[in-house]
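Q:
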Amino acid sequence: MATADDLALRHGNLADEQTSAERTDWWAELRGILWLVLAVLGFHSFVAKPFYIPSESMLPGLLVGDRLVVTKYPYGFSFVTPTFHVLPFIPGRLFGRMPRRGDVVIVTPPGSRTDYIKRVIALPGDRIAVRDGIVYLNGTAVPRRAAGERLIPVDANTRCDPMQYPGRLYQAPDGRRYCRLPIFRETLPDGRSYDTIDIGWSPGDDYPEIRIPEGRVFLMGDNRDNSADSRYPVAGSNGLGGPVPWENLGGRAEFITFSLDGSATWNPLTWARSFRPGRAGTTLHPRQDAR
260 MATADDLALR HGNLADEQTS AERTDWWAEL RGILWLVLAV LGFHSFVAKP FYIPSESMLP
320 GLLVGDRLVV TKYPYGFSFV TPTFHVLPFI PGRLFGRMPR RGDVVIVTPP GSRTDYIKRV
380 IALPGDRIAV RDGIVYLNGT AVPRRAAGER LIPVDANTRC DPMQYPGRLY QAPDGRRYCR
440 LPIFRETLPD GRSYDTIDIG WSPGDDYPEI RIPEGRVFLM GDNRDNSADS RYPVAGSNGL
500 GGPVPWENLG GRAEFITFSL DGSATWNPLT WARSFRPGRA GTTLHPRQDA R
């Protein structure tokens, strides 16, 4: 017959077993978090990642505050593919393939860890020049047509700086302010077309003809008078210094997920009204015009 001491001992053992069973396995939890982080980094590095537009170099198609999806695999993988650019320069690409003219790409300039976003204009073997703002590919002017003016709403992210866009600030009868910018539709030899901005003369309007070396691409921004791209040197202009090695292409921009006008603060009540309407889902692939 069990005594009171035996019952107390059994009760204590049961309590200890229950406490042991309920004790958190912190090492298992940390392993789970580690695997989750590695999975996210792997997805960002080798499949797709979000990208934020910090400048106006790709106006009118991309506004400051746009959030994009950039896919990593279309051109294969290189030393800039990982989310954190910590690898030294490694020539070549794994499963590499050249982009198409007209693709919007993410590029990490040589010697930099900052990502730029530009458009591919010329490929290896092409001859390219710019004369009076007109792009010439292989001796032929790339067709472009005036498409009127576009009113881009002015907000905290789009300011229509009078130094960059002199005389372009417009106030509508309802009091809203816009940046009134001249649009030119440019069409590449394969029929892919996209909108550009050309306000007037800028140093990048004239670029002597060069032939693109093997393994390099020539990149330009759609905002032709306000883009540090392959037309400009690295020193003094923060440009790309000419054709860029294809190893430095980090991926292809696919579509806009959402866009913010810069008016949001720490107050969650301001977040909803900071979303720009009508931009989510906008494709960044050039339109294929009938030839």
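In the numbering used here, the protein residues as written are 260 to 550.
Don't be surprised by glycine CBs; every beta carbon is placed ideally from N, CA and C.
Since the model is a prediction, treat every value here as computed from it, not as a measurement.
Using 10 angstroms around the beta-carbon of glycine 351, count the other beta-carbons present and answer buried if the total reaches 16, otherwise exposed.
A: So glycine 351 ends up on the exposed side.
Q: Given a cut-off of 8 Å on the beta-carbon distance, is the pair leucine 543 and leucine 327 in contact?
A: Yes, the pair counts as a contact, with Cβ atoms nearer than the cut-off.
Q: Taking only three categories from DSSP, how would you classify serine 518?
A: Correct three-state label for serine 518: strand.
Q: Can you tell me whether serine 533 is helix, strand or coil according to DSSP?
A: Looking at serine 533 - three-state DSSP - the assignment turns out to be helix.
Q: Is DSSP giving glutamate 445 helix, strand or coil here?
A: Three-state DSSP puts glutamate 445 in a strand.
Q: May I ask which residues mark the beginning and end of the beta strand (DSSP E) holding proline 412?
A: Note, proline 412: beta strand (DSSP E), 403 to 412.
Q: Could you tell me the distance, in whole angstroms, from the CA atom of serine 316 to the CA atom of isoleucine 393?
A: Rounded to whole angstroms, serine 316 to isoleucine 393 spans 17 Å at the Cα level.
Q: Hey, out of Pro412, Gly459 and Thr455, whose CA is closest to cysteine 438's CA?
A: It is Pro412 whose Cα lies nearest to the Cα of cysteine 438.
Q: Give me the Cα-Cα distance between valine 476 and arginine 532, rounded to the nearest whole angstrom.
A: Rounded to whole angstroms, valine 476 to arginine 532 spans 40 Å at the Cα level.
Q: Would the segment 453 to 470 and the segment 480 to 490 be scored as touching if the rule is three or more Cβ pairs under 8 Å?
A: Yes, the segment 453 to 470 touches the segment 480 to 490.
Q: What is the residue span of the beta strand (DSSP E) that tyrosine 375 lies within?
A: Residues 375 to 381.
Q: So which of Arg418, Glu408, Thr399 and Ser337 has the shortest CA-CA distance to leucine 322?
A: The option with the nearest alpha carbon to leucine 322 is Arg418.
Q: If you draw a straight line from the C-alpha of phenylalanine 310 to the C-alpha of glycine 324, how long is it?
A: Between phenylalanine 310 and glycine 324, the C-alpha separation is close to 10 Å.
Q: So what does DSSP say about proline 462, is it helix, strand or coil?
A: Helix at proline 462.
Q: For alanine 512 versus glycine 498, is the C-beta distance shorter than 8 Å?
A: Contact: no.
Q: According to DSSP, is glycine 291 part of a helix, a strand, or is it coil?
A: DSSP places glycine 291 in helix when its eight states are reduced to three.
Q: If you draw a straight line from the alpha carbon of alanine 551 to that of isoleucine 292, how long is it in whole angstroms?
A: Outside the modelled stretch of the chain, which goes from 260 to 550, sits residue 551, for which no answer is possible.
Q: Measuring only the C-alpha atoms, how far is alanine 280 from tryptophan 505?
A: With a pLDDT of 47 at alanine 280, under the threshold of 50, the predicted position of this residue should be treated as unreliable, though the coordinate-derived value follows. Rounded to the nearest angstrom, the two C-alpha atoms are 56 Å apart.
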